[in-house]
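When we follow full-length UniProt numbering, the leftmost residue of the sequence shown carries the number 1, and every step to the right adds one. Scroll down for the structure; my scribbles are underneath it.
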Amino acid sequence: MAGFTVAIVGRPNVGKSTLFNRLIAERQAIVADVSGVTRDRIYGTSDWNGKTFNVIDTGGFVPDAHDEITRAIARQVEIAMQEADGILFVCDVTTGITDIDDVIADILRKSKTPVWLVVNKVDHYERQLDAQEFYRLGFDPIFPVSAISGSGTGELLDAVVQHIPSESTDTTDETEETLPRIAIVGQPNVGKSSLLNALIGEGRNVVSDMPGTTRDAIHTHYNLFQKSCILIDTAGLRRKDANKDQLEFYATIRAIKAVDEADVCMLLLDATRPMTAQDVNIFSLIIRKGKGVVLLVNKWDAIEKDTHTARRFEEEIRSRIAPFTDVPIIFISAIEKTRIYKALETALDVYARRRQKIPTSQLNETLLPVIEQTPPPSVRGHLIRIKYITQLPASYPTFLFFTNYPDEIRQPYKQFLENQLRKHFSFTGVPLRIYFRKK
Ligand code: GDP
Ligand code: GDP
């Protein structure tokens, strides 16, 4: 199912990241704190009236050339216009309209993508009046908000979610729908195009001169030893004038879309450089969206190795992605075509594991004795009992534990139950959801 992605654009200091945090606030609170996520949050998910969308903060991709800032922001806005499904254009009421605002507005007025003009820092009534000045930029309506207090953001969210199509309008044909959808994701230059080329041959030109010439990630039917799948490719933007931040922004927004569409993601890491917070961010995005994952350490040909190198890499990676470490890690070389088919086969295995339904009887026979041995710790004198377990018919493994005190079961015990599920059944590479219900 394709997602809906909104990019927040604007010049520095208007309050983009404050607005971003406001929009994703509630969601983030219930998400497990994966290391690296909180440190530099650049994208997240927002929920409003039952509709979910991705939010991406372009301010996280700060141009490094200070004197080039207008040009760099203009490029970001252009990429956002081509790649996002909606744009929040943020201005600052306390400074009024600036030159950069005018430049951005000129670009965005030509946008076919919906644009919502957000006038931020409207903290009190007088500023409501000042905000009227922003109608001059040519957008109607405008949304006066205070990102700090949250006032006005409800109206803004109402307007945004109106543009999100209902899930039922899915027109993908049935054969495509039932094939495993495997995405190749990762930061710029990890070797995504090289891997795709190694898998499907050089027949296809993945190097596109113009960014955004294709709006969606490219889909390729692929057959591997009688098994078919759809490869979703996120490679793109190859422009000499694109700087590092623009490439990262572009790669990120592509990755978000690909993850939404995929069942399983092959996340590429670069063996020649240390794992970064960005790598961890993509990983946690995949997990939050409940998609399967295989980690591929690419460029394995390019580093000095002894007998311990692979193990050290594995340990380092697992420590960065904790607590969800039950993930396949494969060392590949896209250039030398080493283990690339194994990588894809592993992704297909993860796909199968993600779709498995464990019979209720088997779940209860296996887990209830374990739970009896190690019951949840009692809280405020309440003896907590888990009586019954069942797997829900969800798109990925979701387990319901019936208990007398669903609200009293704490995270460590939940983690214990997840570990038991992983120990007794086979879920490597697959995120699990666990819920407790009153019985
Ligand atoms: P960004 O560079 O566009 O991401 O801007 P930030 O979110 O970092 O905000 C820049 C400054 O504006 C910070 O000092 C924020 O506290 C402040 N700010 C953000 N939103 C508001 C708001 O609604 N009202 C006021 N008064 N200040 C705000
Ligand atoms: P993308 O931006 O993720 O699509 O990365 P590319 O596929 O364009 O690769 C970026 C650079 O890494 C190119 O110079 C590739 O030749 C190089 N590269 C990709 N895979 C490998 C590999 O397995 N080994 C080595 N040594 N270099 C690689």
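We put the CB at the ideal spot given by N, CA and C, even for glycine. Treat the numbers as computed from the prediction; the structure is a model and nothing was measured.
Where residue i falls, given that 16 or more other Cβ within 10 Å makes a residue buried
i, result
"D279", "buried"
"V297", "buried"
"P376", "buried"
"T234", "buried"
"Y435", "exposed"
"V93", "buried"
"T5", "buried"
"I184", "buried"
"F225", "exposed"
"R320", "buried"
"V379", "exposed"
"G154", "exposed"
"T172", "With a pLDDT of 46 at T172, under the threshold of 50, the predicted position of this residue should be treated as unreliable, and no value is reported."
"Y250", "buried"
"T95", "exposed"
"R22", "buried"
"T403", "buried"
"I409", "buried"
"F427", "buried"
"L383", "exposed"
"K423", "exposed"
"I303", "exposed"
"P46", "The amino acid occupying residue 46 in the given sequence is Ser; Pro does not appear at that position. Classification of S46: buried, given that the 10 Å Cβ count is 16 or more."
"N49", "exposed"
"residue 474", "Residue 474 lies beyond the stretch modelled for the chain, which goes from 1 to 439, so this question has no answer here."
"A105", "buried"
"E83", "buried"
Test item: CB-CB of residue i and residue j under 8 Å
i, j, result
"G429", "G292", "yes"
"P406", "R437", "yes"
"G44", "K16", "no"
"L268", "I286", "no"
"residue 489", "L19", "As displayed, the chain neither begins before 1 nor continues past 439, which places residue 489 out of reach and without an answer."
"D270", "F61", "no"
"S111", "I87", "yes"
"D101", "L137", "yes"
"I329", "W300", "no"
"Y222", "L199", "yes"
"P431", "F324", "yes"
"residue 506", "R273", "Shown here, the chain extends from 1 to 439; a query on residue 506 therefore has no answer."
"L367", "Q411", "no"
"V294", "T346", "yes"
"I164", "F53", "yes"
"G3", "D263", "no"
"I56", "I69", "no"
"F139", "V115", "yes"
Residue i: CB within 7 Å of a non-hydrogen atom of ligand 2
i, result
"D245", "no"
"D279", "no"
"I253", "no"
"residue 509", "Residue 509 lies beyond the residue range present for the chain, which begins at 1 and ends at 439; the question has no answer from this structure."
"A334", "yes"
"R257", "Checking the displayed sequence, the identity of residue 257 turns out to be Lys instead of Arg. Flag unset: Cβ of K257 not near ligand 2."
"K357", "no"
"N189", "yes"
"K299", "yes"
"A105", "no"
"G186", "yes"
"A183", "no"
"A302", "yes"
Residue i Cβ short of 7 Å to ligand 1 heavy atom set
i, result
"V14", "yes"
"A74", "no"
"G292", "no"
"A147", "yes"
"K337", "no"
"N120", "yes"
"D270", "no"
"residue 445", "Lying outside 1 to 439, the shown extent of the chain, residue 445 is not represented and no answer is given."
"G59", "yes"
"D130", "no"
#### Entry: Inter-stretch contact at 8 Å, needing at least 3 Cβ pairs: the segment 336–344 / the segment 407–420
In short, these stretches do not touch, since the Cβ pair count stays below three.
**Asked** Using 8 Å as the Cβ pair cut-off and three pairs as the minimum, do the segment 131–139 and the segment 148–166 touch?
**Response** Under the 8 Å Cβ criterion, the segment 131–139 does not count as touching the segment 148–166, having fewer than three qualifying pairs.
- Task: Report yes or no: do three or more beta-carbon pairs, one from the segment 343–353 and one from the segment 382–396, lie closer than 8 Å?
- Result: no
What ranges does the alpha helix (DSSP H) occupy inside the segment 213–293, keeping only unbroken runs of at least 4 residues that lie completely in it?
Secondary structure within the segment 213–293: the alpha helix (DSSP H) runs of 4 or more consecutive residues, fully enclosed, are 244–261 and 277–288 (chain order).
inquiry  = Count Cβ pairs between the segment 69–80 and the segment 8–26 that sit closer than 8 Å; are there 3 or more?
reply    = yes
ask   = Touch check for the segment 181–200 and the segment 248–255: three-plus C-beta pairs under 8 Å?
value = yes
Legend entry - At least 3 beta-carbon pairs within less than 8 Å: the segment 147–155 vs the segment 193–203: no
Which full runs of the alpha helix (DSSP H) of 4+ residues lie inside the segment 108–179, going along the chain? 125–131, 153–161 and 174–178
Please give me, in chain order, every unbroken run of the alpha helix (DSSP H) with length at least 4 that falls completely inside the segment 315–391. 340–355 and 360–373
| field | Length at least 4, wholly inside the segment 40–91: the alpha helix (DSSP H) runs in chain order | value | Those alpha helix (DSSP H) runs which fall completely within the segment 40–91 and span 4+ residues are 69–83.
field: Cβ pair count under 8 Å reaching 3, the segment 394–401 against the segment 310–325
entry: In this structure the segment 394–401 does not touch the segment 310–325; the number of beta carbon pairs closer than 8 Å is below three.
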